[in-house]
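Residue numbers (my numbering): 139 to 320.
For glycine and all other residues, C-beta sits at the position ideal for the given N, C-alpha and C.
This report concerns only the one structure given below.
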Amino acid sequence: MVIDPVKQFRTVIKGNVEGLEQGIALLSEMTNEQYCMRAKPHMNSCIGEHLRHILDLYYALQESAAIRVIDYDVRRRGALVESCRLTGLVELTQVRAWLLTLQPDMMDDKFMMSTEVSVINTAVAQVETSLIRELIFVSTHAIHHYALMDISAKLCDFGTPKNMGIAPATLTALRNDSSCAQ
């Protein structure tokens with residue numbers, strides 16, 4: 139099967155935008171108090187902290203263009219976005235706008251990706267990667283955090299948009315097998 143690289147790039151961008159729009163929908167339906175709630179003892183992080191982490195990975199990609207190094211360990215812990223829902227909405231909208239500026243000829247742009255890999259001591263790995271591969275990664279990583287945000291919201295007794303935090307492959311399986319319970 140021959141894959142059209144332009145179509146593939148547009149599909150990856152579309153998937154990222156869809157994910158960001160899930161976040162926008164979630165934040166649009168909640169209060170700032172809900173955004174900052176902690177579902178203790180089950181979860182230590184509030185929705186705002188999960189969102190900040192999602193955005194940090196997108197920012198690592200965005201900022202890598204000039205230096206060609208993606209550093210996923212750069213974090214903005216304690217930033218306003220963790221406690222201000224409106225800041226979260228603005229940042230999600232800005233990242234979505236940035237994604238829409240990306241062009242198919244950038245798909246195979248090469249970068250070095252740097253991240254810590256040990257939970258015992260500081261150990262960093264660097265590997266060569268491409269923009270499209272990292273866009274796929276940050277999108278699936280966001281879905282994982284959306285799942286945690288969904289659980290947190292439910293533990294704090296408020297709803298979330300349909301299919302929040304459910305992976306694309308799982309949604310395909312659910313569409314193809316009507317006997318699957320959601």
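(request) Could you round the C-beta distance between isoleucine 274 and alanine 305 to whole angstroms and report it? I think they count as a contact, below 8 Å. (result) About 12 Å separates the two Cβ atoms, so there is no contact after all.
(request) Measure from the C-beta of glycine 153 to each C-beta in chain D and report whether the shortest distance is under 8 Å. (result) The chain inventory of the structure shown lacks chain D, comprising one protein chain alone.
(message) Could you compute how far the alpha carbon of arginine 271 sits from the alpha carbon of cysteine 294?
(response) Here the C-alpha atom of arginine 271 lies approximately 35 Å from the C-alpha atom of cysteine 294.
(message) Helix, strand or coil, according to DSSP, for glutamine 172 in the structure here?
(response) The answer is helix: DSSP assigns glutamine 172 an H, G or I state.
(request) To the nearest angstrom, report how far apart aspartate 247 and glutamine 200 are at their CA atoms. (result) One C-alpha to the other measures close to 13 Å.
(message) Which complete alpha helix (DSSP H) runs does the segment 208 to 286 hold, if anything under 4 residues is left out?
(response) Entirely contained in the segment 208 to 286, the alpha helix (DSSP H) runs reaching 4 residues are, in chain order, 223 to 237.
(message) Can you find the residues in the same chain that come closer than 7 Å, C-beta to C-beta, to alanine 217, ignoring five residues on each side of it along the sequence?
(response) Only residues of its own chain outside the window of five on either side were considered, and among them Arg190 have a CB closer than 7 Å to the CB of alanine 217, listed in chain order.
(request) Would you identify the three-state DSSP class for isoleucine 141, choosing helix, strand or coil? (result) If DSSP states are grouped into helix, strand and coil, isoleucine 141 belongs with coil.
(request) Identify the continuous alpha helix (DSSP H) that holds serine 202 and give its terminal residues. (result) For serine 202, the enclosing alpha helix (DSSP H) begins and ends at 185 to 205.
(message) Tell me the DSSP secondary structure of phenylalanine 147 in three-state form.
(response) Looking at phenylalanine 147 - three-state DSSP - the assignment turns out to be helix.
(request) Please report the residue range of the alpha helix (DSSP H) in which alanine 307 lies. (result) First-last of the alpha helix (DSSP H) with alanine 307: 306 to 314.
(request) Please work out which residues of its chain come closer than 7 Å, Cβ to Cβ, to leucine 224, disregarding the five sequence neighbours upstream and downstream, and give them in chain order. (result) Around leucine 224: no qualifying Cβ.
(request) Could you tell me which of Gly153, Gly297 and Ser252 sits nearest to valine 265, measuring between CA atoms? (result) For the residues Gly153, Gly297 and Ser252, the minimum Cα distance to valine 265 belongs to Ser252.
(request) Report, in whole angstroms, the separation of the C-beta atoms of alanine 377 and glycine 297, which I expect to be a contact under 8 Å. (result) Because the chain spans 139 through 320 in this model, residue 377 falls outside it and cannot be assessed.
(request) Consult DSSP for aspartate 288 and reduce its assignment to one of helix, strand or coil. (result) In the structure shown, aspartate 288 sits in a helix (DSSP, three-state: H, G or I).
(message) In this structure, how does DSSP classify alanine 163 when only helix, strand and coil are distinguished?
(response) Here alanine 163 sits in helix by DSSP.
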